[in-house]
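**Student:** Sending over a structure as structure tokens; questions will come in a sec.
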Amino acid sequence: MIKLFKNKVVNFGLIVFSVVAFYKIEAVNAQASHMFRTYKHEVPQKLPENQNAVADGKKVYEKRCWYCHGITGGGNGPAAKTMFPKPRNFTRNEFKVRSTPFGSVPTDEDLFRIITSGIEGTAMPFWNTISETERWQVVYYLKTFNEQFKKDTSPEVLSVGNVVATQESIEKGRELFKEMKCYNCHGEDGRGNGPLTVAMQTQWNMPYRARDLTQSWNFKGGNTAGDIYRTISTGFNETPMGSYKDKLTDEERWSLAHYVESISKKMASDVVVKVKLLESGEMPGNPADEAWGQVTPMEIPLAGQIIAHPRLWEPSVDSVMIRGLYNDDEIAFLVEWDDRTNRQEDIFRDAVSLQFPAKIPDSLKKPYFGMGDSGGIVNLWQWKAYWNEGFGSVAEAPGSEPGSIMELNAKGFKKISVQPPEGQDVTGGGVYVNGRWKVVFKRALKTEDEKKDIQFEIGKLIPIAFAAWDGSNSDAGGQKSISAWYYILLEKPMPKTVFVYVLIAVVMGASVELWFLARLRRFPPKLEEDQE
Amino acid sequence: MGNKRSQYLMFWVVAAVIFLFFFLKYVSPVVFQVLMGKGHPMPTPSTLMMWYMIMGILAGLVYATTSNQKFVDFLGFLLPGQGTFLKFFLQKIFFIAFPLVVGWFVYSYSLPGAASPVELRIQHPTLPQKYEKMENPFREKDADIQRKCIEEGKVLFQTYCRPCHGSKADGNGPFANSFRLRPINFQDPGTIATVVDNYLFWRIKEGGPGLPSESTPWDSAMPAWDGDLEDEQMWKIIMGEYDTAGVMPRQREKAE
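Listed in order, the protein sequences are those of chains E and C.
Using this note's numbering, you'd call the opening residue of the first sequence number 2 and step up by one each time.
Using this note's numbering, you'd call the opening residue of the second sequence number 2 and step up by one each time.
Written out as structure tokens, the structure reads:
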């Protein structure tokens, strides 16, 4: 009996150990983010469209929709002032996501889908939280704002279907992208930085921004190949994005959609930025260095700074991508983000900043994530695009000028100080290529000024936060895009001793097992004690 | 007792534990996705997973030791002799797999850590004393004025709070993704429905910086609206906020 008990204990111990190990592995993989709204295609049975439905729709509209879209549907509700893009004006035919020809109003189903799914990158939420009946009612009500809904009663509806992408179709799409001059608005690499977009934004001050085709999360009306095909086919009303239905065959539009899908990416976000050990070679000082290819990038979503006055309600930079490398002496970061223009104007300059606590926190306590506080000082590394007063009021940062880097400290957003010239230790520079800024920051792991400069340590979680400014969006000072605290971790190189530990563990595991089996064979469990 | 079957008791127990692991890891996220009508799988949280695995293994052990007969059968699986080829084969697999699994655990343990830090915080700190006695000046007004205040509050809410807390007050505003402490979902019955107006007044007025340190003020993106909004506007926002979220403030106990 005692023997049996002993064996039970051994077994139990081993099993508990394995459970703890399961837990550990799970914790590493637990980061799964589903941050964005998705376009939902299914539409349920329609409700009869009649006076009662419209009257009920009015109630829903005046309870939930009018704050942004306006009481008369003009897209000018009281809350619209803190929004960009602006809410849809229902009295005009500026409906974007449609399965009907360019210039027509959308179908009831189109409106239902948008109300259900919301639109990422805008203030439009997903209303699948109200009943289907209410959604149909509100569709019927908002149709009363625009006479055209009465005229276009049976528009030709595009049926999307499904065509699978092939290497060939993507290649063909790439050629069509050039042939149809899509790059005029969307830019050569699809970042929405085409010359027409830039001119409309900066010279004519028009609200049109060609979609950044690399950021799939911001596509209006879905980001599957079918959704892109629909947009190419029907266009967006009252925008420069026209319909290509008559200019391209069905097959060609699918190819173009496949190409656009192939250049779009998902946002790969996480909490800890892993800074990789650079095993050999020099620390890269410029963004084009091949060494950056070794590092898996991570993306950080940004929001407008609305914590303190002056606030930025309409941010234009919605994410930055970050990579880190270190060696025995130095650490370097590559920060990238999409920006449609490279125009700099007086105080409105493109910029990016990394924020660290001046000292790695010993406890949970960190400085306030928005520029620190009286109890916690932060160290800021800020890069600003080059601008020269001699250039006139608006200028493009020349490619040869990498911009300037400043090291600052802050104890709250009102107490910011630039470090003296002898304290400036960060080097690096930026380059603007095809709608994307790439900026490198580089510094020694340790500096002499331990009070003001972050001292990096290997294997410790070090808080980091980000800020970005878009000059052409009139970002300056406190009007910027910001993130919360994230972490960087200078990854310990895989110690060679790991394999020794593993070997020991395997040998120990095997010994315990052999001992256990030997014992079991020598004293096989029997039932006699109980039976006799 | 069906002797033939119980020869494989240990195998079945181990198989059940492995099955449980894969169920929690891959099947249950999809099941919950369908049940809750979400557009994405719902991964099992790692702590929950740990507890389920402990329970599963304990259940297996308890089952294997419910009678001495069972326990003998359970261990008997490891004994040599009169078995089929299948049993012989499974024995060898167990024999080889055990040390390898142990080695693998040690390996994954000693990999340079990449786990997210533990960030503990108290979500509902105690209301500071100076806010305790305050009253929402508009709650006692007649119905017409109240309705007007709610409507004004909703406009203010949609203007200033919507970017993070969302048009529906569900914590899904366009800025919500950027803040790792996600803006609070006011529709959740565990949030504003459990407190009174004063509490929200404190949170709006002092924001993240006004939190005590056990509630990690340094991570909170809630602005301190004191100075940018009038007190009256805040009281109205609170009324509009409850209305937008579709919940009611906690009822005060009646003081005699």
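Using N, Cα and C, we set each Cβ at its ideal position, and we do this for glycine too.
So for residue 216(E), helix, strand or coil by DSSP?
**Tutor:** Note: residue 216(E) maps to strand in three-state DSSP.
**Student:** Of the choices 160(C), 98(C), 154(C), 168(C), whose alpha-carbon is the least far from that of residue 125(E)?
**Tutor:** When each option's Cα is compared against that of residue 125(E), the closest is 168(C).
**Student:** Grab the span of the alpha helix (DSSP H) containing residue 79(E) for me, first residue to last.
**Tutor:** Careful: residue 79(E) lies outside any alpha helix (DSSP H) and carries neither H nor E.
**Student:** So which residues of chain C does residue 141(E) contact, with C-beta pairs closer than 9 Å?
**Tutor:** By Cβ distance, chain C contributes nothing, its closest Cβ being about 21 Å from residue 141(E), past 9 Å.
**Student:** Okay, do the region 251–263 of chain E and the region 474–490 of chain E touch, 3+ Cβ pairs below 8 Å being the bar?
**Tutor:** Touching, no.
**Student:** Check the Cβ of residue 368(E) against every Cβ in chain C and list those closer than 7 Å, keeping chain order.
**Tutor:** Simply 219.
**Student:** Provide the residue span of the beta strand (DSSP E) that contains residue 380(E), from first to last.
**Tutor:** Note, residue 380(E): beta strand (DSSP E), 379–385.
**Student:** For the region 282–310 of chain E, enumerate the residues whose C-beta is nearer than 7 Å to any C-beta of chain C, in chain order.
**Tutor:** Residues 302, 303, 304, 305, 307, 308, 309, 310.
**Student:** Is there at least one Cβ from chain C nearer than 9 Å to residue 79(E)'s Cβ?
**Tutor:** It does: the Cβ of residue 79(E) has a partner Cβ on chain C nearer than 9 Å.
**Student:** Can you list, in chain order, the stretches of the alpha helix (DSSP H) that have 4 or more residues and sit fully within the region 218–271 of chain E?
**Tutor:** Segments of the alpha helix (DSSP H) lying fully in the region 218–271 of chain E: 226–235, 251–264.
**Student:** Give the C-beta separation of residue 305(E) and residue 176(C) to the nearest angstrom, bearing in mind that I take them to be a contact with Cβ-Cβ under 8 Å.
**Tutor:** About 6 Å; that satisfies the 8 Å criterion.
**Student:** In whole angstroms, what is the alpha-carbon distance linking residue 139(E) and residue 274(E)?
**Tutor:** Their backbone Cα atoms lie some 45 Å apart in a straight line.
**Student:** Near residue 28(E), what residues of its chain come up, given a Cβ to Cβ distance below 6 Å and the 5 sequence neighbours on each side ignored?
**Tutor:** Residue placement at residue 28(E) is flagged as unreliable, the pLDDT there being 37, under the threshold of 50; a coordinate-derived value is accordingly withheld.
**Student:** Assess contact between the region 210–221 of chain C and the region 119–132 of chain C, defined as three or more Cβ pairs (one per stretch) separated by less than 8 Å. Is contact present?
**Tutor:** Cβ pair count under 8 Å is three or more, so yes.
**Student:** Determine the direct distance from the alpha carbon of residue 271(E) to that of residue 55(C), and round the result to whole angstroms.
**Tutor:** Approximately 28 Å, taken between the alpha carbons.
**Student:** Does residue 20(C) get closer than 9 Å to chain E when you measure Cβ to Cβ?
**Tutor:** Cβ-Cβ to chain E under 9 Å: no for residue 20(C).
**Student:** Alpha carbon to alpha carbon, how far is residue 269(E) from residue 27(C)? Give it in angstroms, no decimals.
**Tutor:** Taking the straight line from one Cα to the other gives about 21 Å.
**Student:** From the DSSP output, read off the bridge partner residues of residue 44(C).
**Tutor:** Residue 44(C) pairs with nothing; no bridge assigned.
**Student:** Alpha carbon to alpha carbon, how far is residue 163(E) from residue 252(E)?
**Tutor:** Cα to Cα, the separation comes out at about 11 Å.
**Student:** What is the rounded straight-line gap between the Cα of residue 152(C) and the Cα of residue 242(C)?
**Tutor:** Cα-Cα distance, rounded: 10 Å.
**Student:** Are the region 484–495 of chain E and the region 273–293 of chain E touching, with three or more C-beta to C-beta distances below 8 Å?
**Tutor:** Contact holds: three or more Cβ-Cβ distances are below 8 Å.
**Student:** Of all the options 178(E), 46(E), 513(E), 45(E), which has the alpha carbon lying nearest to the alpha carbon of residue 101(C)?
**Tutor:** When each option's Cα is compared against that of residue 101(C), the closest is 513(E).
**Student:** Within this structure, are the beta carbons of residue 128(E) and residue 65(E) separated by less than 9 Å?
**Tutor:** Yes. Within cutoff.
**Student:** Does DSSP put residue 362(E) in a helix, in a strand, or in coil?
**Tutor:** Coil at residue 362(E), not helix or strand.
**Student:** Residues of chain E with a CB under 8 Å from the CB of residue 181(C): which are they?
**Tutor:** Result: 272, 485, 486, 487.
**Student:** Rounded to whole angstroms, what is the Cα-Cα separation between residue 31(E) and residue 84(E)?
**Tutor:** Only weak support is given to the placement of residue 31(E): the predicted model assigns it a pLDDT of 32, under 50, and the question is left unresolved by the model.
**Student:** Residues of chain C with CB closer than 9 Å to the CB of residue 525(E), please, in chain order.
**Tutor:** Result: 73, 76, 77, 80.
**Student:** Taking DSSP as the reference, what is the three-state secondary structure of residue 23(E)?
**Tutor:** Note that residue 23(E) scores 42 on pLDDT, short of 50, meaning its location in the model is unreliable; the coordinates nonetheless yield the value given after this. Here residue 23(E) sits in helix by DSSP.
**Student:** Drop a sphere of 10 angstroms on the beta-carbon of residue 386(E), count the other beta-carbons inside from all chains shown, and report buried for 16 or more, exposed for fewer.
**Tutor:** The residue in question, residue 386(E), is buried, as its Cβ has 16 or more Cβ neighbours within 10 Å.
**Student:** Suppose you measure from the CA of residue 197(C) to the CA of residue 310(E); what does that come to, to the nearest Å?
**Tutor:** Residue 197(C) and residue 310(E): Cα-Cα distance of roughly 28 Å.
**Student:** Beta carbon of residue 303(E), beta carbon of residue 467(E): below 9 Å?
**Tutor:** Yes, the Cβ-Cβ distance between residue 303(E) and residue 467(E) is below 9 Å.
**Student:** In terms of residues, what are the limits of the alpha helix (DSSP H) holding residue 73(C)?
**Tutor:** Element bounds for residue 73(C): 69–77.
**Student:** Quick check: what's the CA-CA separation for residue 222(E) versus residue 153(E)?
**Tutor:** Looking at the two C-alpha atoms, the distance is approximately 22 Å.
**Student:** Report all residues from its chain with a CB closer than 8 Å to the CB of residue 111(E); omit the five preceding and five following residues, and keep chain order.
**Tutor:** Around residue 111(E): 96, 98, 99, 100, 101.
**Student:** For residue 216(C), return the contacting residues in chain E, with the cut-off set at a CB-CB distance below 9 Å.
**Tutor:** Within chain E, no residue comes near residue 216(C); the closest Cβ sits about 11 Å away, beyond 9 Å.
**Student:** Taking the alpha-carbon of residue 313(E) as reference, which of 472(E), 41(E), 43(E) has the nearest alpha-carbon?
**Tutor:** Residue 472(E) is the option with its Cα nearest to residue 313(E).
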